[in-house]
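Protein chains in written order, with the numbering used here: chain A, 292 to 504; chain B, 69 to 321.
Each residue gets a CB set at the ideal place from its N, CA and C atoms; glycine is no exception.
Please read these numbers as outputs of a predicted model, since none were measured by experiment.
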Amino acid sequence: MQPRVTLVDYGSGNLYSVTRALERAGAEVHLANDAAEIEAADRLLLPGVGAFADGMEGLRERGLIEPIQRFAASGRPLLGICLGMQMLASCSEEFGEHEGLGVLPGRVVPVPAKDVDGSPQKIPHIGWAELLPWREGAWAGSPLERITPGTAAYLVHSFHFLPQDERDGLAVCHYGGHRITAAVCHGAVVGFQFHPEKSGPVGLKLLSAYLGL
Amino acid sequence: MKRIRLIPRLDIKGPNLIKGIHLEGLRVIGDPQEHARRYYEAGADELLYVDVVASLYGRNSLHDIVKRAAQDVFVPLTVTGGIRSVDDVRNILRSGADKIGINTAAAKRPELIREVAQKFGSQCMVLSIEAKKMAPGRWEAYTDNGRERTRLDVVEWACRGVELGAGEILLTSVDREGTREGFDVELLAAVSGAVPVPVIASGGMGRPDDVVRAVREGAADAVAMADVLHYQRHTLGEIRDAALAAGLHLRTL
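This is the structure in structure tokens:
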């Protein structure tokens, strides 16, 4: 049966690309902007671009915070992409301290503005970066198992998520010699900092793998 | 070493992919979608859409073209030309664009850069600058496809734009655009050295080797190319191979 993915629509800009990529990857896509639709979802995807506080406000004003938290607590699969992943975190340091959805234990912190040698590096971090296992064997049983370590995905961000528990780490990429979180998994909650919908054939492959196809 | 992005640039007029010289004398190339799909399949890192007449008519007609592109093309899409307000940005992002470039409207009202960056993030706000050389080491920013002067110094304007929130600079050399004479590497170096955000070189790509010079001498972070691909003078694969052979770091396909 074709997997059904419910995409949370909270005013974030890139729903169209995510929808198309999911369809191409083999899913049937529904948009949800109220509690009942989230409650009825098999799989939930929280997309996002932009600023953390605006994104959380978008969820709050639509009354979606608790429904997403309840969905996560139910153990059904939840995927966050980019800002969507960051909003799943406990809190973020973007423009002050902000509380997140709290279903992914950890903090959202700035991508270091200096490389490991102390030279300034460009922020936001925009572009293709090689995905590498967080630690040896980290990809076993995860969607990333389907790709070769070192395959590049597309990222555009100024902040990234640091899991409270290192065991939640799936993939990193390197920027200025720093380890930047690219993917995490905490139970049925998965987060991609990269944009699978913008990462070419590799991104589509990861979405298919995530959907169990 | 930083990873360089190769970005096919699609100049659009009405429904057509077109190409000019010095941003003028436009010739019709063909169907934008067909080219977009080909470049995506050949490993383009992003696509750049430019509505070349939008400023003249005060509108952006790219919505449908971008929406079609987003059906088949799963790499980032940047759209520029005729974007004047936060609402314009929201609409074009809804059509499937990831980043928007602003030139004319930002030169008229720089605060627009801040508004867009605050609303959608600076990663989405590309400041598009059309540069004409005025004197050795000095360039002036133009708008409306190199027709209108702004009296803004390019390097100062780039710095100001970044302070206001621009996350990337699309730097088009009007002098080189469509000439196939190579990028204005002095211009690139002057801007890249002055701003802490990525700079996309545009205007003048003629041979695969031009990419290497734009990166080595101009410190460009990304390279836009049009003529060389549209007229199939070189394939994207050949350009990638040349860049890799010269030791540049590109995305692994």
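- Minimum Cα-Cα distance from A:PRO294 among the listed residues A:ALA327, A:ALA332, A:ASP325, A:TYR307 corresponds to A:ALA332.
- The secondary-structure analysis by DSSP pairs A:PHE483 across a beta bridge with A:ILE372, A:ALA474.
- Take the alpha-carbon of B:ARG228 and the one of B:ILE75: they are about 25 Å apart.
- Our two residues, B:GLY169 and B:LEU195, have alpha carbons roughly 5 Å apart in a direct line.
- DSSP places A:THR442 outside both helix and strand once states are collapsed to three, so it counts as coil.
- DSSP links B:ASN84 through a beta bridge to B:LYS81.
- Contact annotation: B:TRP207 and B:LEU255 have beta-carbon atoms nearer than 8 Å.
- Looking at the DSSP output, A:LYS496 sits in no beta bridge, so it has no partner there.
- Against chain A, the beta carbon of B:ARG152 has no neighbour under 9 Å; the closest one sits roughly 17 Å away.
- B:TYR299 is classed as exposed because its beta carbon has fewer than 16 other beta carbons within 10 Å across all chains shown.
- Using beta-carbon distances, B:SER190 counts as an interface residue toward chain A, with a partner under 8 Å.
- For B:TYR117, the beta-bridge partners assigned by DSSP are B:LEU78, B:VAL147.
- The C-beta distance from A:VAL299 to A:LEU337 rounds to 5 Å, short enough to fall under 8 Å.
- Ranked by Cα distance from B:ALA112, the first of B:ARG177, B:MET202, B:THR218, B:ILE72 is B:ILE72.
- In the three-state DSSP reduction, A:ALA380 falls in the strand class (E or B).
- About 5 Å separates the CB atoms of A:ALA323 and A:THR297; that is less than 8 Å, so the two are in contact.
- Pairing B:ILE97 with B:THR247 gives a Cβ-Cβ distance that is not under 8 Å.
- B:ILE133 places its beta carbon less than 8 Å from that of B:TYR117.
- B:THR320 belongs to the set of residues whose beta carbon lies under 8 Å from a beta carbon in chain A.
- Sequence-distant Cβ neighbours of B:GLU306 in its own chain, meaning closer than 7 Å and more than five residues away, are PRO276.
- Between A:ALA443 and B:ARG319 a beta carbon distance of about 4 Å is seen, short of the 8 Å cut, so the two are scored as contacting.
- Ranked by Cα distance from B:TYR210, the first of B:GLN101, B:GLN186, B:ALA173 is B:ALA173.
- Neighbours of A:ILE438 in chain B, taken as residues whose beta carbon is under 9 Å from its own, are absent, since the nearest beta carbon is some 11 Å off.
- Taking all protein chains in view, the Cβ of B:PHE251 is crowded by 16 or more other Cβ atoms within 10 Å, so the residue is classified as buried.
- The beta carbons of A:LEU435 and A:PHE485 sit no closer together than 8 Å.
- Cβ neighbours of A:HIS389 within its own chain (closer than 7 Å, five residues either side excluded): PHE343, ALA344, MET347, CYS382, SER383.
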